[in-house]
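Just so you know, the protein sequences line up as chains A and B, in that order.
Heads up: the first sequence is residues 1 to 102, going by the working numbering.
Heads up: the second sequence is residues 1001 to 1136, going by the working numbering.
Here a beta-carbon is modelled for each residue, glycine too, at the ideal position from N, C-alpha and C.
This structure is a prediction, so every number in the text was calculated from the model and none was measured.
Working notes, beginning with the structure itself.
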Amino acid sequence: MALQPRRSEGSGGGGRDSRGGPGGQQGGKKKFFYRRKRVCKFCVEKLEYIDYKDVKMLQGFIPERGKILPRRISGTCALHQRKLQNAIKRARTVALLPFATD
Amino acid sequence: MRTYEVLFILSPQVAEEEATTLVSEFKKVAESTGAQLRNEEAWGRRRLAYPIQKFTEGYYHLFVFESDGSLSELDRRMKNVDRVLRHIIVRTDEDHKRAEKLAKRNPKKERVRPAAPMAPAEQQQPEFPIEPEARA
C-alpha cells in the first residue's frame, strides 16, 4: 500500500487521492512512513506557462543555497520541472535570482 | 507574428534623463526593424540578486514586442551600450500557444477530483434515519 502513492506521483496529476488517506489509517501503527503524496503545483493550479519574471513564485523552488529544488522533493512533474528549470535559469541571467548564495 | 519579451537592466549611475533617452532609443531601433511595441513596464530600481560590475542595484525595464522578423539589431545595440548591465530577449508566442493547448487538455484530469467529496455524503445519509428515531 505504501508503495502505490509513492510511485504514482511520477505520473503527474494522477487521479488518486492526494493523501494515503484510507490506507494510512488502516496500517497506521505499522507504517510510520506516512508520506503525503506530493502533487505538481503547476498541474494543480494549471499554470502552464512558467514566467521567468515571476520571482516570488520561482523563489519557492529555490532553497537557501540558491540551487534548483529537485523534483523528488517538490513533486513537480517532469514537464513542468523542465520549464521551471528554464525559467529559473533565465531569471538568473538577469539577476532576478542568484546563481549561488552562502 | 512572433512576440518577444525584452528585459534589460540599466546601470544605477545613469541619470533619469539619460535613462529615458536610452529607453526611447531602444524602442526606435526595434520599431525600425518592423517590431511593434505591445507592452512596456518600468520596474524601476531593484536590488540585483548578485553584483554585476560591482553594482548591487539596477533599473529594470521590460518591453513586449510583436514582430515578423528578429530583434537581432536591438540585441546587438544592447550589447554595445555600456549602460546596459544585462539584457535578455525571449520569444514567448510559441510557449504561450503550447500552454493554451495543455490548459485545454488538462480539464479532463480535473474531473477525477469531484468524486472524492461523494464518500462523506454517503456516510451522512445513514445518520438521518437514526435521528428521527431518537427524537420519537
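Have a look at the DSSP bridge pairing and note the partners of residue i.
i: THR1003 (chain B); result: B:GLU1066
i: GLU1041 (chain B); result: B:LEU1062
From the DSSP output, in three-state form, read off residue i for me.
i: GLN1053 (chain B); result: coil
i: LEU84 (chain A); result: helix
i: ARG1083 (chain B); result: coil
i: PHE1008 (chain B); result: strand
i: VAL39 (chain A); result: coil
i: ARG90 (chain A); result: helix
So is residue i in contact with chain B if we call contact Cβ pairs under 7 Å?
i: LYS46 (chain A); result: yes
i: PRO98 (chain A); result: yes
i: ALA95 (chain A); result: yes
CA-CA distance, residue i and residue j?
i: PHE1055 (chain B); j: GLN1013 (chain B); result: 9 Å
i: ASP102 (chain A); j: LEU1037 (chain B); result: 40 Å
i: ASN86 (chain A); j: TYR52 (chain A); result: 8 Å
i: ALA78 (chain A); j: VAL94 (chain A); result: 25 Å
i: ASP1068 (chain B); j: ARG1105 (chain B); result: 29 Å
i: ARG74 (chain A); j: GLY1034 (chain B); result: Sequence check: residue 74 (chain A) is Ser here, not Arg. About 43 Å.
i: PHE1026 (chain B); j: LEU1074 (chain B); result: 7 Å
At a Cβ threshold of 7 Å, is residue i touching chain A?
i: ASP1093 (chain B); result: no
i: PRO1114 (chain B); result: Because the pLDDT at PRO1114 (chain B) is just 48, under 50, the model does not fix this residue reliably, and the value given afterwards should be weighed accordingly. PRO1114 (chain B) does not count as touching chain A.
i: ALA1019 (chain B); result: no
i: ARG1086 (chain B); result: yes
i: ALA1049 (chain B); result: yes
Check whether the Cβ of residue i sits closer than 6 Å to any heavy atom of the ligand SAM, and report yes or no.
i: TYR1004 (chain B); result: Summarising the ligand content, the structure contains no ligands, and the ligand SAM is consequently not present.
(message) Below 8 Å, how does it come out for the segment 1027 to 1046 of chain B and the segment 57 to 71 of chain A: are there three or more Cβ pairs, yes or no?
(response) no
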